[in-house]
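K.L.:
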Amino acid sequence: MPHSKITGVGMYVPETVVTNNDLSKVMDTTDEWIVERTGIRERRFFKEGEDTVSSMGAKAAQQALERAGKKPEDVDFIVFATLSSDYNFPGSGVLLQRKLPFRQIGAVDVRAQCSGFIYALSIADQYIRTGTYKTILVVGSEVQSNVFEKSDRGRNMAVIFGDGAGAVVVEATDEPNKGILTTKLHSDGRFAEELYLEHPGSRRKERFNPDMIEKGELLPYMNGKLVFMNAVKYFPEVIREALADCNLKESDIDLLVPHQANARITVAIQKEFNLPDEKIVSNIDKYGNTTAASIPIALCEAWEQGRIKDGDLIAIAGFGSGFMWASALIRW
Ligand code: UT7
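In this note's numbering, the protein residues as written are 51 to 382.
#1: If we call anything under 8 Å between Cβ atoms a contact, is V125 one with L187?
#2: Closest to E221 by CA distance: which of R205, I128, A215, P308 is it?
#3: Would you check whether the ligand UT7 has a heavy atom nearer than 7 Å to the C-beta of I315?
#4: If I measure Cβ to Cβ from D360 and keep anything under 8 Å in the same chain, skipping five residues before and after, which residues do I get?
#5: Which of the three DSSP states is assigned to S195 in this structure?
#6: Do I380 and L276 have their CB atoms nearer than 8 Å?
#7: Among residues of its own chain, excluding the 5 on either side of I84, which ones have a beta-carbon nearer than 7 Å to its beta-carbon?
#8: Look at the Cβ atom of K321, then the Cβ atom of L306, and state whether they are nearer than 8 Å.
#9: Between which residues of its own chain and F96 is the CB-CB distance below 8 Å, once the five residues before and five after are set aside?
#10: Quick test of the definition: if touching needs 3 or more C-beta pairs under 8 Å, does the region 149 to 160 touch the region 107 to 122?
#11: Quick check: the Cα distance between I358 and I303, rounded to an integer number of angstroms?
#12: Using only alpha-carbon positions, find the residue among T79, S74, E86 that is nearest to D335.
#13: Would you check whether the ligand UT7 has a heavy atom nearer than 7 Å to the C-beta of A311?
#14: Is the CB-CB distance between G372 and A311 below 8 Å?
#15: Is C296 a contact residue of the ligand UT7, with contact defined as CB to any heavy atom under 7 Å?
#16: Could you tell me if A367 is buried or exposed, where buried requires 16 or more neighbouring beta carbons within 10 angstroms of its beta carbon?
#17: In terms of residue numbering, what span does the beta strand (DSSP E) encompassing F127 cover?
#18: Could you check whether A313 and S344 sit closer than 8 Å to each other, using their CB atoms as the reference points?
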C-alpha cells in the first residue's frame with residue numbers, strides 16, 4: 051500500500067518587519083511585556099497590493115515544488131489551510147490554483163486555525179494512502195495583521211499574531227518505514243467561542259453594520275489564559291497518542307516542531323518531554339504566531355538549517371481555536 055512522504059518544503063514571509071517597539075508606539079504595550087509573556091521580538095506584516103494569503107502561499111509552494119524537483123503540472127491536488135482567506139468565498143485553494151501553471155486539479159480549503167496545517171497534511175496523507183493522488187501540495191498561509199486593532203483595545207491579540215506562509219509537497223512512496231507514520235486529529239467545539247471571530251458570520255440577519263466597528267465586534271476574541279491551559283495539556287497528550295500508535299517512545303523523537311503559539315507553551319512541552327534545545331524548534335521570536343503557517347515555516351527553517359536528516363523522527367503538533375488540536379509523526 052502506498053503511503054506519503056514530504057519531498058519538499060518552502061516558505062515565504064513578507065518583507066516588512068514590525069518590532070515590539072514599533073507596536074509600543076501605537077498601543078499601550080512594551081517590548082519587555084511581549085518578550086516575557088510570549089517570546090516574540092518581531093513579526094512580519096503583509097504589504098497591501100503585493101502580498102495576499104494566496105500569493106504568499108504560491109511563493110512558498112513554488113519553493114517547495116523546486117526542492118521536490120516537481121513542476122506545478124505534476125501536482126494532483128491542493129489542500130490549503132488558512133483562517134484568513136483572500137475572499138470570504140471562494141477559498142484560497144482556487145486562488146492559488148490560478149497563480150501557477152497547475153492543471154484543473156481539485157483544491158480545497160481547510161479551516162482548522164492553528165491545527166490547520168496538520169489537518170491539511172492528514173487529508174493529503176489519506177488521499178495518497180487510498181491511491182487517489184500521487185502528488186499533493188499542502189499550504190498554510192495567513193494575513194492576520196489587518197484583523198487586529200493596533201490600539202490599546204486590541205493589544206492583547208495584536209502583539210501576538212503575524213503574517214506568512216509555508217508549504218510542503220507530499221508524494222506517494224513505497225519505501226517502508228518512511229514518510230508520514232500517523233496523524234491524530236481532535237476537536238472540542240464546546241470551546242468555539244473562547245478563541246473566535248464572530249463577524250461577518252451568517253448567524254444574524256445583518257452580517258455586519260457600522261455599529262459593530264464602534265463596539266469592537268469585528269475584532270477576534272481570545273480567552274488567552276484558558277487557551278494556554280488547554281494547550282499545555284493537549285500538546286503532550288496528542289504527541290503521546292501518536293507515539294503510542296506507532297509503538298515509539300518519547301526518546302525516539304529527533305525533532306519536535308510545535309505550532310508557534312507562545313514561547314512559554316513551547317518551553318512547557320520541551321520540559322514535559324525532557325528535550326534538549328536542539329530537539330525542539332522555536333522561531334516565534336522572529337515571526338510571532340502565524341497560525342496555519344507556523345508549522346510549515348518552522349519545519350522549512352529547520353530543514354534549511356540542516357536540523358532534519360534522512361531517517362529522523364519528526365513530531366509536529368498544534369493546538370488552537372475550535373478548540374482543535376492535532377499531531378503527526380514523520381520519518382524523514
Ligand atoms: O495559536 C492560537 C492559540 N493561542 C494561544 O495559544 C495563546 C495562549 N495564551 C497566551 O499565550 C497568553 O495567555 C497571552 C500571551 C495571550 C497573555 O498572557 P497572560 O500571561 O495570560 O496575560 P493576561 O492576558 O492575563 O494579561 C496580564 C496583564 C493584564 O493586565 P492586568 O489585568 O493584570 O492589569 C492585561 O491587561 O497584561 C495586560 N496586557 C498587556 N500589557 C501590555 C494584555 N496584553 C498586553 C499587551 N501589553 N500587549
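Quick reminder that beta carbons are idealized off the backbone N, C-alpha and C, glycines included.
P.N.:
Quick answer:
#1: Within the sequence shown, numbered from 1, the residue matching residue 125 stands at position 75. Within the sequence shown, numbered from 1, the residue matching residue 187 stands at position 137. Yes.
#2: The residue given as residue 221 occupies position 171 in the sequence shown. For the residues R205, I128, A215, P308, the minimum Cα distance to E221 belongs to I128.
#3: For this step, residue 315 is matched to residue 265 along the sequence shown. True, at least one ligand heavy atom lies under 7 Å from that Cβ.
#4: Counting from 1 along the sequence shown, the entry for residue 360 is found at position 310. Within the same chain, D360 has close Cβ partners W382.
#5: Here residue 195 is taken as the residue at index 145 of the sequence shown, counted from 1. Reduced to three states, the DSSP call for S195 is coil.
#6: What you label residue 380 is simply residue 330 of the sequence shown in a count that begins at 1. What you label residue 276 is simply residue 226 of the sequence shown in a count that begins at 1. The answer is no: Cβ separation not under 8 Å.
#7: Taking the sequence shown and counting its residues from 1, the one referred to as residue 84 is at position 34. Answer for I84: N70, I90, V209, listed in chain order.
#8: Mapped onto the sequence shown, residue 321 falls at position 271. Mapped onto the sequence shown, residue 306 falls at position 256. Cβ distance not < 8 Å, so K321 and L306 don't count as in contact.
#9: If you number the sequence shown from 1, residue 96 lands on position 46. These residues qualify, in order along the chain: P64, T66, T102, M106, V193, S195, N196, D213.
#10: yes
#11: Within the sequence shown, residue 358 is the residue found at index 308, counting from 1. Within the sequence shown, residue 303 is the residue found at index 253, counting from 1. The straight-line gap separating the alpha-carbon atoms of I358 and I303 is approximately 12 Å.
#12: Counted from its first residue, the sequence shown places residue 335 at position 285. Among T79, S74, E86, the Cα nearest to that of D335 belongs to E86.
#13: Counting from 1 along the sequence shown, the entry for residue 311 is found at position 261. Yes, since a heavy atom of the ligand UT7 falls inside the 7 Å radius drawn around the Cβ of A311.
#14: Within the sequence shown, numbered from 1, the residue matching residue 372 stands at position 322. Within the sequence shown, numbered from 1, the residue matching residue 311 stands at position 261. It is not a contact, given that the beta carbons lie outside the stated cut-off.
#15: In the sequence shown, the residue the question calls residue 296 occupies position 246. No.
#16: For this step, residue 367 is matched to residue 317 along the sequence shown. With 16 or more Cβ atoms within 10 Å of its Cβ, A367 is classed as buried.
#17: Position 77 of the sequence shown, counting from 1, holds the residue named residue 127. Counting along the chain, the beta strand (DSSP E) containing F127 begins and ends at 127 to 131.
#18: By one-based count along the sequence shown, residue 344 stands at place 294. By one-based count along the sequence shown, residue 313 stands at place 263. With respect to the 8 Å criterion, S344 and A313 are not classified as neighbours on the basis of their beta carbons.
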